[in-house]
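Numbering (my numbering), first residue to last: 35 to 298.
Ideal Cβ placement from N, Cα and C applies to all residues, glycine included.
If you're wondering where the values come from, they're calculated on a predicted model, not measured in any experiment.
Encoded as structure tokens, the structure appears first; notes follow it.
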Amino acid sequence: MARSTWSGAITFAGFPIAVKAYSMHKSASKDGFKTLCECHGEPIAQVRKCTTTDKEVAADQQRKGVEVSKGAYRTLPRDTVEAIEGGERSAALEIELVCPLDTLDMRLTTGAYVLVPDGPANLKSVELMRQALAKLQRALVTRWTPRAGSRDATLVIHPGERNLLANTFPFEFQLNDAPNMDASNVTVQPGELAMFEQAMTALYTNGPFDIAAFQSDFNARRQKAIQQALDGQPITAPAAPAAPAVPDLMAALQASLDAQKVAA
Ligand SMILES: [Zn+2]
35 MARSTWSGAI TFAGFPIAVK AYSMHKSASK DGFKTLCECH GEPIAQVRKC
85 TTTDKEVAAD QQRKGVEVSK GAYRTLPRDT VEAIEGGERS AALEIELVCP
135 LDTLDMRLTT GAYVLVPDGP ANLKSVELMR QALAKLQRAL VTRWTPRAGS
185 RDATLVIHPG ERNLLANTFP FEFQLNDAPN MDASNVTVQP GELAMFEQAM
235 TALYTNGPFD IAAFQSDFNA RRQKAIQQAL DGQPITAPAA PAAPAVPDLM
285 AALQASLDAQ KVAA
């Protein structure tokens, strides 16, 4: 059973509706390999060293700072760092905006959560909230700090098919300034577009996306090694897959479409 990321309340019309947030994603670190020493096969301790004296720096002697110019640092006062990083965990979410669902760019979300009622007493309130949001096609915008000292995020609560869902959004300053392509001088002929359309629909399996249909090769390789380790079997290296050749796109498209016509 998944562990909840957060439990607290949504404050609605002055009343707390208690919920637990479960992340839809497993944390990445959970099923990785451990780093062990070659001599004993035991876990390794991380030692933080002073780069001037090469001596170990104890945790209470480590400080935070800012690189003010290349290779030059300024140490921050401890209480400043504590004040910055000591954000309190959200106990109750305050609704700051009720927004139309279609004004949310879901491509930007950084985390996905299911909000389940915390105890049967909250079941009906959560379901009413879900149904009201579904009917209005709106979402609740709140601000969320899941753990003490963790970064805050904008949390958008919206209606799912059977659950109340929530997604974290980055703040504007966290968005990367990705470039836009400029296709304003590109002329697309109807025939060229038709060829691309035909290639997309004829050369590939077209159908609804099913998350279960796509398996991780990395995970399969790792799981095999983990299983061999657990079973006390010899641990074998997986075979490396061959790199595919990269053909000329238009020529390859034409060739593939011609081959289809011959076959049909
Ligand atoms: Zn050792």
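The beta strand (DSSP E) that contains residue i, what's its start and end?
i, result
"E101", "G99 to S103"
"K83", "No beta strand (DSSP E) contains K83, which DSSP labels as neither H nor E."
"N253", "No beta strand (DSSP E) contains N253, which is instead part of the alpha helix (DSSP H) from D251 to D265."
"G145", "G145 to P151"
"L174", "R172 to W178"
"E128", "A126 to E128"
"F49", "F49 to S57"
"A187", "A187 to P193"
"R108", "A106 to T109"
"T45", "W40 to F46"
Terminal residues of the continuous alpha helix (DSSP H) containing residue i?
i, result
"R112", "R112 to E119"
"L138", "It is not in any alpha helix (DSSP H) - L138 carries neither H nor E in the DSSP assignment."
"P204", "Run containing P204: none; DSSP gives neither H nor E here."
"T235", "P224 to A236"
Taking residue i and residue j to be in contact with their CB atoms under 8 Å, please state how far apart those CB atoms are, rounded to whole angstroms.
i, j, result
"E101", "Y107", "6 Å"
"H59", "A173", "The Cβ separation is near 20 Å, so there is no contact."
"V150", "V53", "6 Å"
"T202", "T144", "5 Å"
"P242", "L142", "Incorrect: roughly 24 Å between the Cβ atoms, too far for contact."
"Q171", "L135", "5 Å"
"R97", "T109", "5 Å"
"E90", "R82", "7 Å"
"M229", "L287", "6 Å"
In chain order, what residues of the same chain lie with their CB nearer than 7 Å to the CB of residue i, ignoring the 5 residues before and after it?
i, result
"A168", "P193"
"A259", "I269"
"Y56", "A36, S38, T39, Y147, V148 and V150"
"L157", "P151"
"K68", "P77"
"L138", "A173 and V190"
"I51", "A43, I44, N156, S159, V160 and M163"
"L70", "E76, P77 and I78"
"A92", "none"
Under 8 Å Cβ to Cβ from residue i, same chain only, skipping five residues before and after it: list those, please.
i, result
"Q294", "A236 and L237"
"E130", "V175, T176 and R177"
"E122", "T179 and A182"
"E119", "G183"
"M140", "N201"
"L264", "none"
"F46", "I129, S159 and M163"
"Q299", "The requested residue 299 is not part of the displayed model; the chain covers only 35 to 298."
Between which residues of its own chain and residue i is the CB-CB distance below 6 Å, once the five residues before and five after are set aside?
i, result
"W178", "S124, A187 and L189"
"L127", "I44 and T176"
"P272", "R255"
Please list, following the chain, all residues that have a C-beta closer than 5 Å to any non-hydrogen atom of ligand 1.
Cβ-based neighbours of ligand 1 within the cut-off: C71, C73 and H74.
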